[in-house]
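To start, the structure itself, in structure tokens.
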Amino acid sequence: AERTARSERKRRDSFGMFDGYDSCSEESTSSSSSEDSEDDVVRSIPASLPIIKNNGQVYTYPDGKAGMATCEMCGMVGVRDAFYSKTKRFCSVSCSRSYSSNSKKASILARLQGKPPTKKAKVLQKQPLMAKLAAYAQYQASQQNQAKSKSVVPAESFDWGRYICSSNTVGAPVSCFKHAPMGTCWGDIKEGVRIEVPNSDTNLSTKVYWIAEIIKLAGFKALLRYEGFDSDTSKDFWCNLCIPEVHPVGWCASSNKPLVPPKSIQHKYSNWKPVLVKRLTGAKTLPTDFTAKVKHAASHSYSPALPE
Numbered sequence: 008a009e010r011t012a013r014s015e016r017k018r019r020d021s022f023g024m025f026d027g028y029d030s031c032s033e034e035s036t037s038s039s040s041s042e043d044s045e046d047d048v049v050r051s052i053p054a055s056l057p058i059i060k061n062n063g064q065v066y067t068y069p070d071g072k073a074g075m076a077t078c079e080m081c082g083m084v085g086v087r088d089a090f091y092s093k094t095k096r097f098c099s100v101s102c103s104r105s106y107s108s109n110s111k112k113a114s115i116l117a118r119l120q121g122k123p124p125t126k127k128a129k130v131l132q133k134q135p136l137m138a139k140l141a142a143y144a145q146y147q148a149s150q151q152n153q154a155k156s157k158s159v160v161p162a163e164s165f166d167w168g169r170y171i172c173s174s175n176t177v178g179a180p181v182s183c184f185k186h187a188p189m190g191t192c193w194g195d196i197k198e199g200v201r202i203e204v205p206n207s208d209t210n211l212s213t214k215v216y217w218i219a220e221i222i223k224l225a226g227f228k229a230l231l232r233y234e235g236f237d238s239d240t241s242k243d244f245w246c247n248l249c250i251p252e253v254h255p256v257g258w259c260a261s262s263n264k265p266l267v268p269p270k271s272i273q274h275k276y277s278n279w280k281p282v283l284v285k286r287l288t289g290a291k292t293l294p295t296d297f298t299a300k301v302k303h304a305a306s307h308s309y310s311p312a313l314p315e
């Protein structure tokens with residue numbers, strides 16, 4: 008029986024079905040180790056192709072260079088087939104996302120600096136990008152501070168009121184120019200006429216009014232003095248009588264607007280009402296239709312003759 012078994016084993020070995028099988032080990036070899044299986048894969052690759060092993064995976068490349076790749080984000084060199092995405096530009100998902108985020112930041116920085124963004128924006132590392140953004144913000148702040156520090160000296164314009172007072176000259180009245188706006192109805196405007204104008208000598212946040220007297224006329228402008236200052240000229244001011252803020256006496260009462268005396272003379276009287284009644288009795292003021300005449304004159308200031 009032993010002779011028969013040996014002859015049968017020799018007959019099978021002759022066909023190559025049990026290579027490496029010997030009498031010392033009759034157990035099955037189907038559960039081989041991973042290293043043996045990897046060696047089998049390596050042996051199955053033609054000897055003409057270089058071999059690369061990476062994370063348990065076996066890769067080949069024909070020329071020794073095409074199979075390697077460098078991550079465009081972190082610079083790591085590795086097997087190209089093991090890299091992320093179809094283009095194999097990044098070694099991992101994290102590097103791909105970081106590259107995309109930094110590309111957007113680089114594009115924003117280029118726009119802030121006034122440079123047109125290129126098709127492929129140069130990727131900046133996080134720390135250099137933040138440093139450049141901080142430096143650019145500091146540059147802008149310094150430019151703004153320099154602009155504020157430069158004192159702008161406005162060109163001195165001609166002050167008609169100051170010239171009239173300093174040279175003691177008399178301006179031609181508007182009534183002398185019949186073609187001028189309000190030229191035909193300016194005869195009612197004279198020195199000593201009382202009007203109601205905004206009170207600028209007050210600490211109130213709301214707009215209030217007070218009575219003023221025309222001291223001097225120069226064209227459409229008048230030198231005004233608040234009622235109650237008497238001969239004190241410290242608060243005199245020039246005002247264009249054709250502005251909407253100029254009204255005849257009594258307008259505040261009919262329009263429910265407050266009459267408040269200037270703070271400089273407010274202490275002179277405890278009750279201003281009887282003082283105003285006494286001073287305004289018999290005084291002249293603007294015509295009631297003065298504002299309407301001003302609006303009409305402004306809208307018809309020039310009417311060119313049309314050819315027939």
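In my numbering, the protein residues as written are 8 to 315.
Every residue, glycine too, gets a C-beta built ideally from N, C-alpha and C.
Q.
My assumption, with CB atoms under 8 Å, is that W217 sits in contact with V267. Please give the rounded CB distance.
A. Counted from its first residue, the sequence shown places residue 217 at position 210. Counted from its first residue, the sequence shown places residue 267 at position 260. Going by Cβ atoms, the distance from W217 to V267 rounds to 6 Å, so yes, they are a contact pair.
Practice problem: Give the C-beta separation of L224 and P180 to the nearest angstrom, bearing in mind that I take them to be a contact with Cβ-Cβ under 8 Å. | Solution: Against the sequence shown, residue 224 aligns to sequence position 217. Against the sequence shown, residue 180 aligns to sequence position 173. Going by Cβ atoms, the distance from L224 to P180 rounds to 7 Å, so yes, they are a contact pair.
Per the contact definition of three or more C-beta pairs closer than 8 Å, is the stretch 198-218 in contact with the stretch 267-286? yes
- Query: Would the beta-carbon of I171 fall within 9 Å of that of E198?
  - Reply: As a position in the sequence shown, residue 171 is number 164, starting the count at 1. As a position in the sequence shown, residue 198 is number 191, starting the count at 1. Against a cut-off of 9 Å, the Cβ pair of E198 and I171 comes out as no contact.
| DSSP state of K213, grouped into three classes? | Here the question's residue 213 lines up with position 206 in the sequence shown. Lys is not the amino acid found at residue 213; the sequence shown has Thr there. Coil, per DSSP.
ask   = At what residues does the beta strand (DSSP E) containing V86 begin and finish?
value = Locating residue 86 in the sequence shown gives position 79, where the first residue counts as 1. Note, V86: beta strand (DSSP E), 84-86.
Alpha carbon of M83 to alpha carbon of S107, nearest angstrom | The sequence position of residue 83 within the sequence shown is 76, counting from 1. The sequence position of residue 107 within the sequence shown is 100, counting from 1. Computed Cα separation, rounded: 17 Å.
Using 8 Å for Cβ pairs, my map puts M189 next to V284. What's the rounded Cβ distance? Here the question's residue 189 lines up with position 182 in the sequence shown. Here the question's residue 284 lines up with position 277 in the sequence shown. No, M189 and V284 are not in contact; Cβ-Cβ is about 31 Å, not under 8 Å.
Closest by CA to P294, which one among C102, A144, V256, C246? Taking the sequence shown and counting its residues from 1, the one referred to as residue 294 is at position 287. Answer by Cα proximity: V256.
- Member of T240, F297, S182, A76 whose CA lies at the smallest distance from the CA of F90: Looking up residue 90 in the sequence shown gives position 83. The residue with the shortest Cα to Cα distance from F90 is A76.
Query - Contacts around S6, its chain only, beta-carbon distance under 6 Å, and the 5 residues preceding and following it disregarded - result: With the chain running from 8 to 315 in the structure shown, residue 6 is simply not present.
Tell me which same chain residues have a C-beta within less than 7 Å of the C-beta of S238, skipping the five on either side of it? Residue mapping note: residue 238 aligns to position 231 of the sequence shown, counting from 1. So the list is empty, once near-sequence residues are dropped.
Endpoints, the alpha helix (DSSP H) within which C249 is located: Taking the sequence shown and counting its residues from 1, one reaches residue 249 at position 242. Looking at the DSSP string, C249 is not in any alpha helix (DSSP H), and its letter there is neither H nor E.
Closest residue to C81 among S105, Q150, K93 (Cα-Cα distance): Position 74 of the sequence shown, counting from 1, holds the residue named residue 81. Measuring from the Cα of C81, the nearest candidate turns out to be S105.
Practice prompt. Taking 9 Å as the cut-off, decide whether the C-beta atoms of A229 and I196 are in contact.
Written response: Reading the sequence shown from its first residue, position 222 is the one you call residue 229. Reading the sequence shown from its first residue, position 189 is the one you call residue 196. Closer than 9 Å, so yes.
Going by C-alpha distance, which of V200, W245, C102 is nearest K291? The residue you call residue 291 lines up with position 284 of the sequence shown. Ranking V200, W245, C102 by Cα distance to K291 puts V200 first.
Where does V177 land, buried or exposed, given buried means 16+ other C-beta within 10 angstroms?
Looking up residue 177 in the sequence shown gives position 170. Under this definition V177 is an exposed residue.
- Task: With a 10 Å radius around its C-beta and 16 neighbouring C-beta atoms as the bar for buried, classify R169 as buried or exposed.
- Result: For this step, residue 169 is matched to residue 162 along the sequence shown. Exposed.
| message | Using the Cβ count rule (16 or more neighbours within 10 Å means buried), how would you classify E252? | response | As a first step, residue 252 must be located in the sequence shown, where it is residue number 245. Exposed is the call here.
Give the DSSP-derived three-state secondary structure of A305 in the structure shown.
Counted from its first residue, the sequence shown places residue 305 at position 298. It is helical.
Expressed to the nearest angstrom, what Euclidean distance is found between the alpha-carbon atoms of H274 and G289?
As a working mapping, residue 274 is identified with position 267 in the sequence shown. As a working mapping, residue 289 is identified with position 282 in the sequence shown. Looking at the two C-alpha atoms, the distance is approximately 26 Å.
Could you give the distance in angstroms between the alpha-carbon of Q134 and the alpha-carbon of D88?
-> Counting from one through the sequence shown, the residue named residue 134 turns up at place 127. Counting from one through the sequence shown, the residue named residue 88 turns up at place 81. Low local confidence applies: a pLDDT of 49 at Q134 is under 50, so the model's placement there is unreliable, with the coordinate-based value given in what follows. For Q134 and D88, the distance between alpha carbons rounds to 31 Å.
Rounded to whole angstroms, what is the Cα-Cα separation between Q150 and Y143? Within the sequence shown, numbered from 1, the residue matching residue 150 stands at position 143. Within the sequence shown, numbered from 1, the residue matching residue 143 stands at position 136. Roughly 11 Å between the two C-alpha positions.
How is F97 classed by DSSP in three states: helix, strand or coil? To locate residue 97, count along the sequence shown from 1; it is residue 90. Reduced to three states, the DSSP call for F97 is strand.
How big is the Cα-Cα spacing for S174 and S277?
Numbered from its first residue, the sequence shown carries residue 174 at position 167. Numbered from its first residue, the sequence shown carries residue 277 at position 270. Distance between the alpha carbons of S174 and S277 is about 39 Å.
_Strictly by DSSP, which residues pair up with E203?_
Working through the sequence shown from its first residue, we reach residue 203 at position 196. Looking at the DSSP assignment, E203 forms a beta bridge with I218, H254.
Delimiting residues of the alpha helix (DSSP H) encompassing L316 | What the structure shows of the chain is the stretch from 8 to 315, and residue 316 is not part of that stretch, so it cannot be assessed.
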